[in-house]
């Protein structure tokens with residue numbers, strides 16, 4: 001006899017808003033921490049905070065609209081990391097060095 005599975009109920013609009021607010025709050029905190037680490041030249045710590053931001057995207061609970069808002073927030077914050085890495089490259093730091101650092 002095949003196993004019956006019940007689909008999970010979609011979160012209500014109120015729950016969606018709460019989930020999105022929680023995720024956006026985490027992104028805001030992690031983004032702030034990432035920027036502080038970049039200002040101090042602590043790239044590895046900054047990358048950990050960037051990873052924490054990205055982990056907020058690992059959800060299936062948000063509606064497409066809410067997920068898109070979260071996605072845009074994360075990508076906006078990651079631009080700071082992108083600019084930092086571009087600056088490092090322009091100052092002569094080799095991308096291979098940065099690559100080895102994160103491995």
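Residue numbers (full-length UniProt numbering): 1 to 103. Every residue, glycine too, gets a C-beta built ideally from N, C-alpha and C.
DSSP, reduced to helix, strand and coil, places residue 11 outside both helices and strands of the structure shown, so it counts as coil. Taken atom to atom, the span from the alpha-carbon of residue 89 to that of residue 83 is near 10 angstroms. Closest option to residue 33, judged by alpha-carbon separation, among 49, 58, 18: 49.
In this structure, the alpha-carbon of residue 65 lies about 28 angstroms from that of residue 46. Assigned with DSSP and collapsed to three states, residue 63 falls in coil, not helix or strand. About 4 angstroms separates the CB atoms of residue 53 and residue 30; that is less than 8 angstroms, so the two are in contact.
The beta-carbon distance between residue 81 and residue 38, rounded to whole angstroms, is 7 angstroms. This is short enough to meet the 8 angstroms contact definition.
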